[in-house]
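Enquirer: Counting from 401, one number per residue, gives the positions in the sequence shown under our numbering. One structure coming up, written as structure tokens, with questions to follow.
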Amino acid sequence: MKIFEEKKLYRVEIIKSCPVINSISGKSYLPSSDSVKEGPFGFIPVGTKGWVIEKFGKKYFTPDEDQEGLDLFTPADQPNILIPYRKIEDAYKIIWRPYEDL
401 MKIFEEKKLY
411 RVEIIKSCPV
421 INSISGKSYL
431 PSSDSVKEGP
441 FGFIPVGTKG
451 WVIEKFGKKY
461 FTPDEDQEGL
471 DLFTPADQPN
481 ILIPYRKIED
491 AYKIIWRPYE
501 DL
């Protein structure tokens, strides 16, 4: 696998709320006023689904688009983000594996 390729390892669902830094790529962002009413800002909500991927030789979580609560932990202008795997390491369950050798 080349260093810049992205490999989808498995699909996961978050089973407990995970804190993430409220700045992505060094840029701070604020949630919309509607999302503050839905849950705690800066946390990945329970039930969020996405992929654990390998990119740049490291593991990341990337949430699926168009889910409730994404704006609690992602900037509005950048919904596709890479969250370091360590942030969700003990807070997910695997719901599908595309490869048998894992």
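Every residue, glycine too, gets a C-beta built ideally from N, C-alpha and C.
Kindly give me the distance between the Cβ atoms of SER442 and VAL420, rounded to whole angstroms, as I take these residues to be in contact under 8 angstroms.
Expert: Per the sequence presented here, residue 442 reads as Gly, with Ser not at that position. With a Cβ gap of about 6 angstroms, GLY442 and VAL420 count as contacting.
Enquirer: Using the rule of at least 16 other Cβ atoms within 10 Å of the residue's Cβ for burial, across every protein chain shown, is PRO440 buried or exposed?
Expert: Exposed, since its Cβ has fewer than 16 Cβ neighbours within 10 Å.
Enquirer: Apart from the five residues just before and just after PRO484, which ones in its own chain have a Cβ nearer than 7 angstroms to its Cβ?
Expert: TYR460.
Enquirer: Taking only three categories from DSSP, how would you classify LYS459?
Expert: In the structure shown, LYS459 sits in a strand (DSSP, three-state: E or B).
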